[in-house]
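Structure first, commentary second.
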Amino acid sequence: MSDILIIQTAFAGDLILTTPLIEETARCFQGSRIDVLCIPSTADLLANNPAVRDLIVYDKRNRKPGLFPLMNQIRKKKYTLCLSPHRSFRSAILARASGAPVRVAFDTASGAFLYTATASYRQNEHEAVRNLSLLRRAECAPVLDTSPRLYPSEHDAQSAAALLPDTGRPHVCVAPGSVWATKRWTEEGFAAIVRHFAVAYTVVLIGGKEDHALCERIITSSGAAAVNAAGALSLLGSAAMIRSAGVLISNDSAPVHIASAVGTPVVEIFGATVPAFGFTPVGVPFRIVEHNELECRPCGIHGGKECPIATFVCMIDLRAERVVDAAEELLQV
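So this is what it looks like as structure tokens:
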């Protein structure tokens with residue numbers, strides 16, 4: 427029986443798109459014990475995952491535990507294999523500290539020399555497929571089940587249901603937030619979406635606590651009744667809410683991947699980033715809404731805090747009718 431470490435200390439969406447790698451690793455190395463190193467804000471996503479033994483939580487911002495205590499903690503586990511889809515130099519240091527005789531990352535990773543093998547980071551592939559390619563360098567052929575998976579509990583489902591009005595109407599979810607400002611569609615656009623769907627559906631706006639004020643402004647601007655669930659649910663509570671929705675409408679952000687993990691159709695709105703980066707929905711029906719005629723796109727792999735040409739035309743020019751039509755198509759599937 428072997429002990430395996432998987433390192434993913436990036437954002438929530440990145441960890442969700444690492445779940446196919448986690449579950450394929452469990453299939454390839456049956457009987458192995460898999461630990462995942464992640465950050466505090468994403469750790470809850472792996473609750474109830476049958477492939478995960480332990481979570482090692484590293485707070486990079488507050489440096490708790492510190493890097494050296496964490497290295498010692500990892501070293502004591504005596505891992506035989508370490509897989510790191512995260513490409514930072516710090517992840518490379520932690521992988522080396524694991525002492526695992528086989529350590530695999532992408533060839534574009536900082537500190538690639540600290541690994542024993544690397545896989546090609548193919549820009550034109552979906553992120554879930556890229557992550558699975560690490561297993562080939564560990565002498566395992568993945569079956570390429572790229573569907574991410576999350577496991578909301580009954581408590582998560584009850585928490586989500588408690589926020590819905592007792593009207594018997596189906597609901598749709600809207601996720602207007604993003605860490606990156608240039609990945610957020612306009613508040614006016616989202617208000618139009620709320621206004622349209624509130625006629626026949628319960629509209630639920632989701633996000634973190636930091637998105638609550640944004641969602642409240644959108645609801646007020648729409649002039650319609652809607653549920654502001656931003657900050658009211660855990661990550662898996664949000665997953666349960668999305669799971670029972672007819673469709674999710676979202677920017678290029680974590681809720682897209684949550685929807686993929688629970689089987690809900692998605693309308694994904696792209697601004698600064700593009701689908702070719704490999705972060706589209708997977709395993710579910712979806713539609714992409716974007717401005718295809720701008721030479722300035724993409725302007726960065728993550729987007730940014732402000733438009734580099736000071737126009738934000740990629741989002742301002744996206745008409746709400748396009749998003750409505752895309753969502754209505756998916757609701758008929």
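Taking the working numbering, the leading residue of the sequence shown gets 427, the next gets one more, and so forth.
For glycine and all other residues, C-beta sits at the position ideal for the given N, C-alpha and C.
Quantities reported herein were computed from a predicted structural model and do not represent experimental measurements.
Who pairs with residue i in a beta bridge, going by DSSP?
{"i": "Asp743", "result": "According to DSSP, Asp743 bridges with nothing at all."}
{"i": "Ser676", "result": "Ala601, Glu694"}
{"i": "Asp429", "result": "Arg459"}
{"i": "Cys508", "result": "Leu431, Arg529"}
{"i": "Leu631", "result": "Val600, Asn654"}
{"i": "Val483", "result": "Cys464"}
Relative to the C-alpha of residue i, which candidate in the options has its C-alpha closest?
{"i": "Leu481", "options": "Ile430, Ala586, Gln456", "result": "Ile430"}
{"i": "Thr435", "options": "Gly457, Asp461, Val569, Thr451", "result": "Asp461"}
{"i": "Thr444", "options": "Asn677, Asn654, Arg501, Leu561", "result": "Leu561"}
{"i": "Ile448", "options": "Asn488, Leu509, Asp485, Pro466", "result": "Leu509"}
{"i": "Pro476", "options": "Asp485, Met497, Ala452, Leu493", "result": "Ala452"}
{"i": "Ile668", "options": "Glu642, Ser585, Arg459, Ile432", "result": "Ser585"}
{"i": "Ile632", "options": "Ser679, Leu493, Gly525, His622", "result": "Ser679"}
{"i": "Thr690", "options": "Ser676, Ala698, Gly697, Phe696", "result": "Ser676"}
{"i": "His581", "options": "Ala736, Ala469, Ala665, Ala753", "result": "Ala665"}
{"i": "Arg563", "options": "Ala535, Pro591, Cys740, Ala531", "result": "Ala531"}
{"i": "Ser660", "options": "Ser647, His728, Arg513, Ala583", "result": "Ala583"}
{"i": "Thr468", "options": "Ser458, Val483, Arg459, Trp606", "result": "Val483"}
{"i": "Asn488", "options": "Pro466, Ser517, Ile442, Cys733", "result": "Pro466"}
{"i": "Asp485", "options": "Gly594, Ile735, Glu551, Cys464", "result": "Cys464"}
{"i": "Ser559", "options": "Cys599, Pro446, Ile735", "result": "Pro446"}
{"i": "Glu732", "options": "Trp606, Asp637, Ile442", "result": "Trp606"}
{"i": "Val598", "options": "Phe494, Thr572, Asn654", "result": "Asn654"}
{"i": "Gly439", "options": "Arg501, Pro511, Ser428", "result": "Pro511"}
{"i": "Ile727", "options": "Gln549, Gly457, Ala624", "result": "Gln549"}
Return helix, strand or coil for residue i, following the three-state DSSP convention.
{"i": "Phe703", "result": "helix"}
{"i": "Glu636", "result": "helix"}
{"i": "Asp440", "result": "helix"}
{"i": "Cys454", "result": "helix"}
{"i": "Leu756", "result": "helix"}
{"i": "Phe712", "result": "strand"}
{"i": "Arg723", "result": "coil"}
{"i": "Val682", "result": "helix"}
{"i": "Cys641", "result": "helix"}
{"i": "Asn498", "result": "helix"}
{"i": "Ala666", "result": "helix"}
{"i": "Lys731", "result": "coil"}
{"i": "Arg748", "result": "helix"}
{"i": "Thr646", "result": "helix"}
{"i": "Pro476", "result": "coil"}
{"i": "His717", "result": "coil"}
{"i": "Arg610", "result": "coil"}
{"i": "Phe623", "result": "helix"}
{"i": "Thr737", "result": "coil"}
Residue i and residue j: beta carbons closer than 8 Å?
{"i": "Val749", "j": "Val715", "result": "yes"}
{"i": "Ala650", "j": "Val620", "result": "yes"}
{"i": "Asn474", "j": "Tyr547", "result": "no"}
{"i": "Ala371", "j": "Pro707", "result": "This structure leaves residue 371 out entirely; the chain is present only between 427 and 759."}
{"i": "Tyr505", "j": "Ala526", "result": "yes"}
{"i": "Arg575", "j": "Ala687", "result": "yes"}
{"i": "Ile644", "j": "Glu613", "result": "yes"}
{"i": "Ala535", "j": "Ile433", "result": "no"}
{"i": "Ala543", "j": "Val528", "result": "yes"}
{"i": "Ala697", "j": "Trp611", "result": "Going by the sequence as given, residue 697 is Gly instead of Ala. Yes, the pair counts as a contact, with Cβ atoms nearer than the cut-off."}
{"i": "Thr608", "j": "Gly729", "result": "yes"}
{"i": "Leu757", "j": "Gly615", "result": "no"}
{"i": "Ala523", "j": "Met497", "result": "yes"}
{"i": "Val682", "j": "Glu694", "result": "yes"}
{"i": "Pro734", "j": "Cys725", "result": "yes"}
{"i": "Ala746", "j": "Ala618", "result": "yes"}
If you measure from the beta carbon of residue i to each beta carbon in chain D, is any gap under 8 Å?
{"i": "Arg522", "result": "No chain D appears in this structure, which consists of one protein chain only."}
Unbroken stretches of the beta strand (DSSP E), 3 residues or longer, contained in the stretch 514 to 601: 528 to 532, 543 to 545, 597 to 601
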